[in-house]
Every structure is written in C-alpha cells, then in structure tokens.
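**Student:** For the sequence shown, my numbering assigns the number 12 to the initial residue and increments by one for each residue that follows.
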Amino acid sequence: MKVQEENELYDEINVVPMLDLAYVLLVIFIIMTTASVQGIKVNLPKASNTPSLAKPQTKAITINESGQIFLDAYPVTMDELRTRLSQLKAANPELPVVIKGDTVVQYGKVMDVLELLGQLDITQLGLVTQRLVK
C-alpha cells in the first residue's frame, strides 16, 4: 500500500460507497414497485352494519338423541316433513337444507331424512358437524 501525504491528490476513486448506495436504491425500487402493483383497482361496494330484513332461506332439520325430527325447532313427523319440504321446494326450487344429527342418533334415521330429501329433489344439502378443538 502506498501512503499519501496530506497535500497530494488521489489518483483513484473509491467506488465501494457508490455501489452500496446503488444497491440500496435498487432494493428500494424493487420493493416499491411490487408493493404498488397489487392487482386491478376496482370500486368495491360498501357493506352496511344494519341487519338484513330478509328471512333466511336455509332450513334446518334436526334429529335429537331420541330420534325426534325437528324442522326449524318445530317437531314434525316424517309425513309432515315431506309435506312442508315439498311446499318450501315449490316456493323456492333452490331450497338449501342442513341436517343436524345428534352423535348418538341411529344412522338409519339420518338416512331416512336423506332419502326423503333425495325424493323431493333437494340437492343443496349440508351436514352440520362440530368444530374440532386443537
């Protein structure tokens, strides 16, 4: 290495700090570019926090531990269930139905209800289960 005296001029330019600055600016440019391009800008509709006045369309069929069948908390027999579901299906062809069966209920009882829904051509069907606790 060569030692320079105080008044002597430098022959070389130290480019390391300039390269450091260039790399930092490049990284900032890349981050800002990807952050600003996140998709197509659209005007989203505003949601209101007032409750909806429309009645819920989904019907719930519940089978308790003794095998009793309920349609939306009202006890029904299989014939009454068939009649009411056929009326509801006539009013709404896309009638959604969920089945809630107790864990100790006989499997045949749930299958009878599923068969009835198949006969009435109700295809939007859900089975309600409990969420697993982790």
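We put the beta carbon where it would ideally sit given N, CA and C, even for glycine. Please read all numbers here as calculations on a predicted model, not as lab measurements.
Does L125 come within less than 8 Å of chain B when only Cβ atoms are used?
**Tutor:** Among the chains of the structure shown, chain B does not appear; only one protein chain is present.
**Student:** Can the beta-carbon of T88 be found closer than 8 Å to that of F81?
**Tutor:** Residue 88 sits at position 77 when you count from the first residue of the sequence shown. Residue 81 sits at position 70 when you count from the first residue of the sequence shown. Not in contact: T88 and F81 (Cβ atoms no closer than 8 Å).
**Student:** Please classify G137 as buried or exposed, where buried requires at least 16 other C-beta atoms within 10 Å of its C-beta.
**Tutor:** Counting from 1 along the sequence shown, the entry for residue 137 is found at position 126. G137 comes out exposed.
**Student:** For L36, count neighbouring Cβ atoms within 10 angstroms of its own Cβ and tell me buried if that reaches 16, exposed if not.
**Tutor:** Taking the first residue of the sequence shown as 1, we reach residue 36 at position 25. L36 comes out exposed.
**Student:** So what's G78 in DSSP terms, helix, strand or just coil?
**Tutor:** Here residue 78 refers to the residue found at position 67 when the sequence shown is read from its first residue. If DSSP states are grouped into helix, strand and coil, G78 belongs with coil.
**Student:** Starting from V108, follow the beta strand (DSSP E) in both directions and report where the run begins and ends.
**Tutor:** Indexing the sequence shown from 1 puts residue 108 at position 97. Where V108 is concerned, the enclosing beta strand (DSSP E) stretches over 108 to 112.
**Student:** Taking the straight line between their C-alpha atoms, what separation do you get for D123 and R95?
**Tutor:** If you number the sequence shown from 1, residue 123 lands on position 112. If you number the sequence shown from 1, residue 95 lands on position 84. So the two alpha carbons sit approximately 16 Å from each other.
**Student:** According to DSSP, is V27 helix, strand or coil?
**Tutor:** Within the sequence shown, numbered from 1, the residue matching residue 27 stands at position 16. It is helical.
**Student:** Name the DSSP bridge partner or partners of L138?
**Tutor:** As a position in the sequence shown, residue 138 is number 127, starting the count at 1. DSSP output for L138 lists I110 as bridge partner(s).
**Student:** Using alpha carbons as the reference points, say which of D90, G119, R142 lies closest to L131.
**Tutor:** Counting from one through the sequence shown, the residue named residue 131 turns up at place 120. Considering only alpha carbons, the answer is D90.
**Student:** Opposite I72 in the DSSP bridges: which residues?
**Tutor:** In the sequence shown, residue 72 corresponds to position 61, counting from 1. Per DSSP, L82, I110.
**Student:** From what residue to what residue does the alpha helix (DSSP H) around D132 run?
**Tutor:** Residue 132 sits at position 121 when you count from the first residue of the sequence shown. Looking at the DSSP string, D132 is not in any alpha helix (DSSP H), and its letter there is neither H nor E.
**Student:** What first and last residue would you give for the alpha helix (DSSP H) that runs through L20?
**Tutor:** Translated into the one-based positions of the sequence shown, residue 20 becomes position 9. Looking at the DSSP string, L20 is not in any alpha helix (DSSP H), and its letter there is neither H nor E.
**Student:** Please state the DSSP three-state secondary structure of V124.
**Tutor:** Your numbering for residue 124 matches position 113 in the sequence shown. Helix, per DSSP.
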